[in-house]
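Novice: One structure is given below, represented as structure tokens, and several questions about it will come after.
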Amino acid sequence: MNKDTSPLFAGSTGTLRLIGYLALAMVLMVLDHRNGWMWRIRYGAAVAVEPLYRLAGLPVEGMRTLSVAFADRQRLTEQNQRLREDLLLANAKLNRMAAVAQQNEHLKELLDTQRSLELNVQLARVVGVDLGAYRHRLLLNVGARDGVKPGQPVIDARGVMGQVIQALPTTSVVMLITDPNNALPVTVERTGLRTIAYGSREGDRLVLPTIPMAADVREGDRLLTSGLGGRFPPGFPVGEVTRVAPATTGMFLEAQAQPSADISRSEDVLLLHDQAEPVGPPEPVPPMGPPVDLAPAEAGDARKTTPPAKGQP
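First residue of the sequence shown? That's 329 in the numbering used here, and the numbers climb one at a time after it.
Encoded structure:
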């Protein structure tokens, strides 16, 4: 420390200075207490300095606002994502419940059909569909081990669907009535006319190409199984006539029909059991003759009773 430098209040001059400061402080305190000058000065200084404080705090305030906004945005994004997931899950459950309700309704219709017809039937589920241009087939989840046999009729709650053409161990193949290779004897419910309904390549209709020109067939007529051939019991709905027009040959009327069964939408079907075998021509009767043990005796008796010819003893 420099020796020439003296303390603030050293010596008599410093004492007088201290006394003067104290007196000034006392005066200011008294004036401030009575008139509030210092409060006004502080107020004015605060008004002048406050913008500086605000300006100095802007960066910190901006960072805080950005962090809060980012956190809120992230939280809202997560909540929105959770709500979207919950909504998708709820929609999936709702759709599943609707599908189950529709399936239950379909099964109820099948059971009602079984009870009303009093037939021996077997419930099966469709596990495969082949609706090509030249073949319309279904694959069922029951087979030979479940008692399924080729030729069994297959129906749903609304009508005839087809018949089993192949019975595998655990599955079976059904040819639909709309298959181009299928022919089904039918009768017109209104008039009793019997004819044959064939499948078509379109897969959604039946064709009746051999209706006599004088026959009374109209749009809206219902087609039922006629029972001819013994494969399908009579009276099952087959389809509804949608169009009637002369055939290209001019010798017959040709009609088109919409199948009654839900060919492309049925998930459960019924297989008919204990049906009569197809009716066909009687088997040829084997040739009949006399019993073998009686043939020699009859021959001897014939020789005894036959008179001898002239010139013989």
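For each residue, glycine too, the CB sits at the ideal point set by N, CA and C.
(1) For the 8 Å Cβ check, are there 3 or more pairs between the stretch 493 to 503 and the stretch 460 to 478?
(2) Tell me the DSSP secondary structure of ARG392 in three-state form.
(3) Tell me the rounded alpha-carbon separation between ASP544 and LEU552.
(4) Quick one: what's got a C-beta closer than 8 Å to LEU467's C-beta in the same chain, skipping five residues either side?
(5) Return yes when the Cβ of THR570 is within less than 8 Å of the Cβ of ASP532, no when it is not.
(6) Write down every uninterrupted run of the beta strand (DSSP E) in the stretch 443 to 505 whose length is 3 residues or greater and which is fully enclosed by it, in chain order.
(7) Cutting at 6 Å between CB atoms, please list the residues of its own chain near LEU512, excluding the five before and the five after it.
(8) Just to check, is the beta-carbon of ARG453 closer than 7 Å to a non-hydrogen atom of the ligand MG?
(9) Less than 8 Å separating the beta-carbons of PRO587 and GLY460?
(10) Let's test the definition: count the other Cβ atoms within 10 Å of the Cβ of HIS464 and tell me whether it reaches 16, buried, or not, exposed.
(11) Quick one: grab the DSSP three-state call for GLU413.
(12) Helix, strand or coil for ARG345? Go by DSSP, reduced to three states.
(13) Tell me which same chain residues have a C-beta within less than 7 Å of the C-beta of ASN419, skipping the five on either side of it?
(14) Nearest CA to the CA of GLN584: which residue from PRO561, ASP549, PRO565, GLY555?
(15) Suppose contacts are defined by Cβ-Cβ distances below 8 Å. Is GLY527 in contact with LEU534 by that definition?
(16) Looking at LEU598 and VAL449, is the spacing between their C-beta atoms short of 8 Å?
(17) Report the three-state DSSP secondary structure of GLY531 (helix, strand or coil).
(18) What's the gap between the Cα of SER554 and the Cα of PRO497?
(19) Using the beta-carbon count (16 or more within 10 Å), is ARG559 buried or exposed?
(20) On the premise that VAL514 lies in contact with VAL566, defined as a C-beta separation below 8 Å, what is that separation, rounded to the nearest angstrom?
Specialist: Let's see:
(1) Touching, yes.
(2) In this structure, ARG392 counts as helix in the three-state DSSP scheme.
(3) Whole-angstrom Cα-Cα distance: 16 Å.
(4) Cβ neighbours of LEU467 beyond the five flanking positions: VAL454, VAL455, GLY456, VAL457, ASP458, THR499, SER500, VAL501, VAL502.
(5) No. Outside cutoff.
(6) Along the length of the stretch 443 to 505, whole beta strand (DSSP E) runs at least 3 residues long occupy 449 to 459, 464 to 468, 481 to 483, 488 to 495, 500 to 504, reported in chain order.
(7) So the list reads ILE505, ALA525, once near-sequence residues are dropped.
(8) Looking for the ligand MG in the displayed structure turns up nothing, as the structure carries no ligands at all.
(9) Going by C-beta atoms, PRO587 is not nearer than 8 Å to GLY460.
(10) Residue environment analysis places HIS464 among the buried positions, since at least 16 neighbouring C-beta atoms fall within 10 angstroms of its C-beta.
(11) Here GLU413 sits in helix by DSSP.
(12) The answer is helix: DSSP assigns ARG345 an H, G or I state.
(13) Nothing listed; no residue qualifies.
(14) When only C-alpha atoms are compared, the closest one is ASP549.
(15) Cβ distance < 8 Å, so GLY527 and LEU534 count as in contact.
(16) Taking a C-beta distance under 8 Å as the contact criterion, VAL449 and LEU598 qualify as a contact pair.
(17) Annotated three-state conformation of GLY531 is coil, per DSSP.
(18) One Cα belongs to SER554, the other to PRO497, and the distance between them is close to 32 Å.
(19) Flag for ARG559 reads buried.
(20) About 5 Å separates the two Cβ atoms, so the contact holds.
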